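Let me begin by presenting the structure, written as structure tokens, before commenting on it.
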Amino acid sequence: MAVATVWFFRLWRRAGYVTQMEFYRDRYVGWRADFARLFDTVFYGIGIGAAWAAIGLVGMKKIVSVILDLPETVQFLGMGLPSDILVVLAMVTIALVYSAASGVHGVVWTDMVEFAIAMVCSIGLTLIVYGVVGWNTGLHDKIQGLGARGDELMKLTPAFGIVLLYYFFIHP
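Rendered as structure tokens:
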């Protein structure tokens with residue numbers, strides 16, 4: 001999807017399209033246009049959007065639980081609730097509040113700030129971890145120490161299988 005966006009961006013701008021739905025409106029007629037818009041909305045908007053939201057929430061839940069050293073359960077309003085649920089509820093509440101308060105333009109600007117923070121932190125964490133394992137030689141030695149699994153991790157391409165078929169033939 002991202003490759004198609006980059007590839008066709010100039011053509012879409014020249015044709016005056018901003019969204020894929022505008023393209024569907026002009027390209028298809030009748031029930032085909034309705035089906036294309038419905039499929040695109042359901043598949044990408046709900047299906048893929050929910051999957052990426054779940055991936056993000058699970059990742060943040062794990063990171064926050066480790067950083068804050070949260071116990072398995074937390075007493076909240078007299079009930080013992082799993083701390084994972086409270087972390088997810090807090091993250092969703094914060095995201096909803098600032099999204100509702102700032103509108104679409106505010107969300108874009110905050111996403112830009114969050115992206116910059118995430119990139120700085122991920123590069124910093126990479127450098128810290130890389131230094132702890134011993135930079136190039138230490139990392140290579142530790143991976144080679146895993147035996148056959150280490151040899152598999154050192155390969156540039158994965159073994160021929162369903163994942164390779166999906167990423168090179170089905171996904172594009």
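At position 150 of the sequence shown (counting the first as 1) the number is 150 in this note's numbering, and the numbers step up by one without a gap.
In this text, a Cβ means the ideal position worked out from N, Cα and C, and glycines have one as well.
Only a predicted model underlies this, so the values are computations on that prediction, with no experimental measurement involved.
Check, Outcome
"Own chain partners of D151 with C-beta closer than 7 Å, once the 5 adjacent residues on each side are dropped", "none"
"Heavy atom of the ligand MG within 7 Å of G147 beta-carbon", "Absent from the structure shown: the ligand MG. Ligands present: none."
"P71 versus I85, M154, L77, residue with shortest Cα-Cα distance", "I85"
"C-alpha distance - I123 paired with Y130, whole-angstrom precision", "10 Å"
"Under 8 Å between C-beta atoms of L81 and V74", "yes"
"Beta-bridge pairing of T76 - partner residues as DSSP gives them", "The question names Thr, yet the displayed sequence has Phe at residue 76. Per DSSP, M79."
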